[in-house]
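Notes to accompany the following structure.
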Amino acid sequence: MGKRTSIQGADLHNKRPIIPKNVDAKKFLDFLKINQIEKESLKNGWVSLDFLYERYGKKDGFKNYQNQLNNQGGIEAWKVNRCFVFMVAILGLIVFPKRDKHFDIRLAGVVKALTTMESPTIIPMILADMFCSLTNCKKEETYFEGCNIFLQIWFLEHLYHHYRAPSSLRSGVIMFPLIRKGK
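Going by full-length UniProt numbering, the sequence shown opens with residue 1, and the numbers climb by one from there.
Have a look at this one:
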């Protein structure tokens, strides 16, 4: 039996799938090195991008929120933790998007697993999320809470070999219309 490969040719057979653990508000704040604060959205399992951006996205976030942050190493520890927060935000905004720039606090546990596990993969999570999102859309949900980019890639991959697909798609060359600026 041959090697199992993904679209890009990476061997996924020996990867370990990440299963999201229960991350409550306390654990989420611990992962992000933020002191315990009362926030209703955290109790409901989500956080907004603005909440994290104010603390970690701006250069003066450490100075402005120093009393709320739990970075014993000072500004250097804060800079290191910015990378972790950035990964949580990217997963929340691009891979597992929700309404109004909100994302699930369990993604902090996923990022923790991605950074500490050996050979992790989130592909099963992405597929499960896409399935749930498409099922909700079929039930007349008004917002597709899934990754449109991955859905588009999947769609193009499945059309790629179809005999009715345009020849530019079958040849691997996708032509985009040229947009010219008006005079």
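C-beta: ideal position from N, C-alpha, C; glycine also. Please read these numbers as outputs of a predicted model, since none were measured by experiment.
Between residue 126 and residue 112, what straight-line distance do the alpha-carbon atoms span, to the nearest angstrom?
Between residue 126 and residue 112, the C-alpha separation is close to 17 angstroms.
Excluding sequence positions up to five away, which residues of its chain have a Cβ less than 8 angstroms from the Cβ of residue 68?
Hits under 8 angstroms: 34, 35, 37 and 55.
Ignoring anything shorter than 3 residues or poking outside the UniProt domain "DUF7745" (84-162), list the beta strand (DSSP E) runs there in chain order.
Listed in chain order, they are 102-104.
Around the Cβ of residue 18, are there at least 16 other Cβ atoms within 10 angstroms (buried) or fewer (exposed)?
Answer is buried; the Cβ neighbour count reaches 16.
Taking the alpha carbon of residue 49 as the point to measure from, which residue in 97, 66, 25 and 24 has its own alpha carbon closest?
With distances taken between CA atoms, residue 49 lies nearest to 97 out of 97, 66, 25 and 24.
With a threshold of 8 angstroms, are at least 3 pairs of Cβ atoms found where one atom belongs to the region 81-93 and the other to the region 21-35?
The answer is yes - the region 21-35 touches the region 81-93, with three or more Cβ pairs under 8 angstroms.
Quick one: give me the first and last residue of the beta strand (DSSP E) that residue 23 is part of.
Note, residue 23: premise wrong, no beta strand (DSSP E); not H, not E.
If we count Cβ pairs, one from each stretch, closer than 8 angstroms, do we get three or more for the region 98-112 versus the region 21-31?
Between the region 98-112 and the region 21-31 there are three or more C-beta pairs closer than 8 angstroms, enough to call the two in contact.
Does residue 34 come out as helix, strand or coil in the three-state DSSP assignment?
It is a strand residue.
Are the region 40-47 and the region 145-156 touching, with three or more C-beta to C-beta distances below 8 angstroms?
Taking 8 angstroms as the limit for Cβ pairs, the verdict is that the region 145-156 does not touch the region 40-47.
If we ignore side chains and look at the alpha-carbon of each, how far apart do residue 93 and residue 101 end up?
Near 7 angstroms, if we compare the C-alpha coordinates of residue 101 and residue 93.
Leaving out five residues on either side along the sequence, give the residues of the same chain with a beta carbon under 8 angstroms from the beta carbon of residue 117.
The beta carbon of residue 117 sits closer than 8 angstroms to those of 16 and 18, all from its chain and outside the five residues before and after it, given in chain order.
Can you tell which of 29, 122 and 149 has its C-alpha closest to the C-alpha of residue 70?
The option with the nearest alpha carbon to residue 70 is 29.
Do you know offhand how far residue 74's Cα is from residue 64's?
For residue 74 and residue 64, the distance between alpha carbons rounds to 13 angstroms.
Taking C-alpha atoms, which residue in 41, 39, 151 and 40 lies nearest to residue 129?
For residue 129, the nearest C-alpha among the options comes from 151.
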